[in-house]
Amino acid sequence: GSNSGGCERLLDGIERHRTRCFEIATQFLAIFRASSASTIAPSNPTTTANTTTTSHSLLSMWTTRRISLFLSTLSVQLDDPNIIRNSAASLRDTLDATTFFAASMGRIGSDFTCRLPSIFIPRLVNIVTFYWEEGTSALRETLKVCREAGIAAPLVNTSVSVNVTSPNSSSAIEEEGMITGENTNNNNANSTPPPPRQLLAHPPLARLVNAHLTGLNELRRCLLPDAFPQLRERLNKVILDVKEVLVTNEKKVHTPGFLRGDAVQLREIANVYLEVFQGVLEPYLKLTLDVALGCDVSVVDDEEEDVDGGDVEKDLDGADEDDKGKSEDENDVDGVDVDDAEENDADPESNSNKDQNEVENEERKDVDENVVVTKDEQQQQDDQNQEEE
């Protein structure tokens with residue numbers, strides 16, 4: 028009631044300011060342009076130009092001062108918790124009214140739309156991170172109270188049977204107000220994924236997820252693209268804060284002097300909380316922010332799978348080509364060896380016959396040489412006998 032009433036008063040004030048500024052500026056232009064055109068003779072253009080320039084300078088100075096005063100007042104009112112009260116819907120309504128005011132002033136050359144992001148983006152980031160920080164503070168206080176009292180029952184929900192060791196199991200959860208989500212039955216990859224089911228066994232972590240999703244719901248009501256980098260930085264800071272809370276709790280329950288109540292269970296729970304946060308909760312928080320910002324997570328995953336599949340196929344094709352090349356080389360080598368072997372195996376008799384023929388030819392040559400030698404000797408003896416006679 029008070030929140031909507033404060034926002035309505037702010038919107039009414041913006042509309043009144045817009046109407047008055049636009050009426051004054053248009054009346055000023057109408058009066059001074061008409062008077063300068065009627066009172067000054069056309070034969071003196073220098074005087075006419077000077078008068079027009081002076082009137083435009085006065086109008087520019089007045090509109091600049093009024094716009095600066097309006098933006099300063101608007102910034103103060105946006106910081107008032109009784110007007111906006113961490114509501115992105117109220118911030119969106121205020122942004123729409125201010126944008127319409129800036130566009131109206133643009134008709135007389137005084138559009139100040141470019142000055143609005145520096146005012147509204149930090150407020151949007153503060154609204155979203157307010158719920159994230161509230162979730163971190165609630166987790167810190169819960170662990171502190173249970174640790175000081177030595178009670179482990181509020182940290183574990185034993186009535187729910189959940190496979191905590193499987194970080195990939197998830198389903199639509201809505202039980203005892205611990206985990207809530209929208210479009211949990213929608214299987215669209217671009218919708219907000221449901222919280223991991225194992226968080227049912229850890230109520231403080233489930234409440235932390237609820238706070239994170241509440242902040243994203245506020246972001247959906249007033250989504251400004253220029254706020255994306257700041258939201259990513261703030262989420263990383265929140266994740267570091269939560270991790271610090273869990274690590275500090277683990278160190279304190281493992282202190283040698285810590286023997287209060289359910290000390291053993293508190294130590295086991297501290298270890299499990301840290302493991303679940305690092306393996307399940309941290310990736311989930313980052314994924315939900317990407318989906319809320321409009322990032323097409325399915326396309327990114329498909330591209331990564333295509334790249335990996337292409338590399339595998341290339342590797343397989345390369346391996347097949349190498350195997351084919353190797354087999355062809357082996358076949359060529361084996362073919363040469365087989366042909367040579369077949370030729371050698373097929374011609375052993377011919378080779379032996381060739382060897383025998385060569386031996387016989389050599390023997391014949393030797394016999395012929397011997398015959399020639401004997402004929403020469405016989406001729407010499409005959410000559411000697413004739414001489415003696």
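Letter by letter, the sequence shown follows residues 28 to 416 in the working numbering. Ideal placement from N, C-alpha and C gives every residue a C-beta, glycine not left out.
- Where the alpha helix (DSSP H) containing R167 begins and where it ends: Here the alpha helix (DSSP H) through R167 covers 144 to 176.
Can at least three beta-carbon pairs, one atom from the segment 282 to 302 and one from the segment 171 to 184, be found at a separation below 8 angstroms?
With the cut-off at 8 angstroms, the segment 282 to 302 and the segment 171 to 184 touch.
- Item | Buried or exposed by the 16-neighbour rule on C-beta atoms within 10 Å, applied to M132 | It counts as buried.
Here's a check: name, in chain order, each residue in its chain whose Cβ is nearer than 6 angstroms to the Cβ of L262, leaving out the five neighbours to either side.
Its chain contains L316 as the residues whose beta carbon lies nearer than 6 angstroms to that of L262, once the 5 sequence neighbours on both sides are disregarded; these appear in chain order.
Practice task
Give the straight-line distance between the Cα atoms of E295 and I266, rounded to the nearest whole angstrom.
Solution key: Distance between the alpha carbons of E295 and I266 is about 22 angstroms.
Quiz item: Can you give the Cα-Cα distance for L98 and G306, rounded to whole angstroms?
Solution: So the two alpha carbons sit approximately 45 angstroms from each other.
key: Where A57 sits in the DSSP three-state scheme   = A57: helix per DSSP, three-state reduction.
- request: Just confirm the distance between the C-beta atoms of T169 and P252, as a whole number of angstroms; I'd bet it's less than 8 angstroms.
  value: Contact doesn't hold; Cβ gap of about 36 angstroms is too wide.
Would you check if the segment 273 to 281 and the segment 237 to 249 touch, i.e. whether three or more CB-CB distances between them fall below 8 angstroms?
Per the Cβ contact rule, the segment 237 to 249 is not in contact with the segment 273 to 281 (fewer than 3 Cβ pairs under 8 angstroms).
* **Span separating the alpha-carbon of L423 from that of Q292** => The chain is shown only over 28 to 416; residue 423 falls outside these bounds and no answer can be derived.
Taking the Cβ atom as the reference point for each residue, do L258 and L320 lie within a distance shorter than 9 angstroms? A Cβ-Cβ contact shorter than 9 angstroms links L258 with L320.
Check your understanding: Within this structure, are the beta carbons of E38 and L86 separated by less than 9 angstroms?
Key -> One point to set straight first is that residue 38 is Leu, not Glu, in the sequence displayed. At the C-beta level, L38 and L86 stay beyond 9 angstroms of one another.
| Alpha-carbon to alpha-carbon, H83 and C141 | Approximately 22 angstroms, taken between the alpha carbons.
| query | Rounded to a whole number of angstroms, what is the C-alpha to C-alpha distance between G6 and T282? | reply | A query on residue 6 cannot be resolved here, the shown segment of the chain reaching from 28 to 416 and no further.
- The alpha helix (DSSP H) with N113 in it runs from where to where? Element bounds for N113: n/a, residue is neither H nor E.
Going straight from the alpha carbon of T125 to that of I41, what length do you get?
Approximately 7 angstroms, taken between the alpha carbons.
When we look at the beta-carbon of F127 and count the other beta-carbons within 10 Å, is it buried (16 or more) or exposed?
Residue burial annotation: F127 is exposed, with fewer than 16 other C-beta atoms found within 10 angstroms of its C-beta.
Which of helix, strand or coil DSSP assigns to S137
DSSP places S137 in the coil class of the three-state scheme, outside both helix and strand.
**Report entry** Through-space distance from L246 to L151, alpha-carbon basis
**Finding:** L151 and L246 have their C-alpha atoms some 7 angstroms from each other.
Which residues in the same chain have their Cβ closer than 6 angstroms to the Cβ of H229, if we skip the five residues on either side of it in sequence?
Once the five neighbours on either side are set aside, H229 has no close Cβ partner at all.
Could you give the distance in angstroms between the alpha-carbon of R134 and the alpha-carbon of T53? Taking the straight line joining both Cα atoms gives about 9 angstroms.
TODO: In the DSSP assignment, find the unbroken alpha helix (DSSP H) run with N244 in it and report its ends.
DONE: Counting along the chain, the alpha helix (DSSP H) containing N244 begins and ends at 230 to 248.
If you compare alpha carbons, which of R47, K270, Y311, V103 is closest to I146?
-> Ranking R47, K270, Y311, V103 by CA distance to the CA of I146 puts V103 first.
Let me confirm a value: L286 is counted as buried when at least 16 other C-beta atoms fall within 10 Å, else exposed. Which label applies? L286 is exposed by the Cβ-count criterion.
Exercise. Cβ of G33 within 9 angstroms of Cβ of D107?
Worked result: Taking 9 angstroms as the cut-off, the beta carbon of G33 is found closer than this to the beta carbon of D107.
Please name the residue, chosen from A116, L314, R174, F304, that lies closest to P220 on a Cα-to-Cα basis. Taking the Cα of P220 as reference, the smallest distance to any Cα among A116, L314, R174, F304 is reached at L314.
Inset, instruction - Have a look at A290 and G177 and give me their C-alpha separation to the nearest angstrom. - result: Each residue's alpha carbon lies about 6 angstroms from the other.
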